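K.L.:
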Amino acid sequence: MGSFSDDRKPDFSDVQGGSSTTDPAFRAAPGARTYTVVKGDTLSGIAKHFYGNAGAWRRIYEANKGTIKNPDLIYPGQTFTIPE
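The numbering of the sequence shown is the working numbering, which starts it at 1081 and goes up by one.
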């Protein structure tokens, strides 16, 4: 019988960050997009990416008021619904 070392570390090099969650408390509307905040993000930057208009940040804020306490302070790891 062969032996192996438990010192092996799993290889996650092909894993990409996602914007989904397994938290049952988080329920996005069917077909809704989600986005997970990364360091350096702002609501206006996210709005620019999704809508082509930084001024549309309020759409994201309004859809995520339960998560966003202050629109000037968002944090890496937060997951937001991005309305169509």
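Heads up, the beta-carbon is just placed ideally off N, CA and C, and yes, glycines get one too. Quantities reported herein were computed from a predicted structural model and do not represent experimental measurements.
(1) Would the region 1129-1136 count as touching the region 1147-1158 if we require 3 or more Cβ pairs under 8 angstroms?
(2) Which same chain residues end up closer than 8 angstroms to residue 1155 when comparing Cβ atoms and leaving out the 5 residues on each side of it in sequence?
(3) Mind checking residue 1102: buried by the 16 CB within 10 Å criterion, or exposed?
(4) Determine the burial state of residue 1104: buried for a count of at least 16 other Cβ atoms within 10 Å of its Cβ, exposed for fewer.
(5) Tell me whether residue 1162 sits in a helix, a strand or coil according to DSSP, three-state version.
P.N.:
Straight from the coordinates:
(1) no
(2) Here the question's residue 1155 lines up with position 75 in the sequence shown. For residue 1155, where only same-chain residues beyond five positions count, the Cβ hits under 8 angstroms are 1117.
(3) Within the sequence shown, numbered from 1, the residue matching residue 1102 stands at position 22. Residue placement at residue 1102 is flagged as unreliable, the pLDDT there being 44, under the threshold of 50; the coordinate-derived value follows with that caveat. By the 10 Å Cβ count, residue 1102 comes out exposed.
(4) Residue 1104 sits at position 24 when you count from the first residue of the sequence shown. Low local confidence applies: a pLDDT of 43 at residue 1104 is under 50, so the model's placement there is unreliable, with the coordinate-based value given in what follows. Under this definition residue 1104 is an exposed residue.
(5) Numbered from its first residue, the sequence shown carries residue 1162 at position 82. In the structure shown, residue 1162 sits in a strand (DSSP, three-state: E or B).
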